[in-house]
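In what follows, a structure is listed as structure tokens, so that the remarks can point back to it.
Numbering (this note's numbering), first residue to last: 106 to 353.
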């Protein structure tokens, strides 16, 4: 009689295709967390994701459930349409900071203000990841990017935008929390927060968004360990993790 016990297995909601993200990138961790949550909630046959233009544009290759794409920044609009046509589905956007906070800023503001009952997973890695590491609305003051080689100067580029705090003022927004995925403890916490955001939608609470501080080693010119240290020691000081809004 076998005494072996399964401790961990690949989520059913992940395909067998290997991730194509750079080593140390936060997307792979977050993809896995979403897949685990979908399995645990038993919603694989009723969930629909909306992929962005950005590093996660091929998310449909990795998630084993329905995923559609949207034009750059328009994921909240597409998600809104899907949710209104199929109110019984669980619909979520997965967007980076270039997609959501720049070209898609109007879309996320109006979707949040209307209180659409969708879930948004917002990946903040403080740069345009897919297109070469350009300055993003979330890039830190002094941060060197390909379009700010001398560092972000507020005189020329303005200040980094705290998107979650910006959305918190809208009455339609019910839940906002910022997390990170730099170590085992923070990953476990992130999973609980993302799961809550999905549960809010299932329970009809309203608009929920989770902002995830994630690493981009390739464009930051750092190794994965240094990148996580940058999040823990620098980025999370400006973008403080924790609950920003939670309407009970």
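All residues carry an ideal CB built from backbone N, CA and C; glycine is no exception.
Note that the C-beta distance between residue 270 and residue 349 is below 8 Å.
Nearest Cα to residue 170 within the set 206, 261, 328 and 155: 155. For residue 150, the number of other beta carbons within 10 angstroms of its own is below 16, and it is reported as exposed.
Fully contained in the stretch 276-318 are the following alpha helix (DSSP H) runs of length 4 or more, in chain order: 289-307. By a beta-carbon distance limit of 8 Å, residue 181 does not contact residue 206. Their separation comes to about 12 Å. Going by beta carbons, residue 173 and residue 286 fall outside the 8 Å limit. Between residue 323 and residue 293, the alpha-carbon positions lie close to 25 Å from each other. Each residue's CA atom was taken as its position, placing residue 262 and residue 335 some 22 Å apart. Within the stretch 198-255, the complete beta strand (DSSP E) segments of 3 residues or longer fall at 224-229, listed in chain order.
Residue 351: member of the beta strand (DSSP E) spanning 347-351, first to last residue. The beta-bridge partner set that DSSP reports for residue 154 consists of 172 and 197.
One Cα belongs to residue 275, the other to residue 265, and the distance between them is close to 20 Å. Beta-carbon to beta-carbon, residue 203 and residue 321 are separated by about 11 Å, too far to satisfy the 8 Å threshold. Non-local beta-carbon contacts of residue 162 in its own chain, meaning distances under 8 Å to residues more than five positions away in sequence, involve 156, 174 and 235 in chain order.
Restricting attention to 259, 123, 115 and 126, the CA atom closest to the CA of residue 143 is found in 115.
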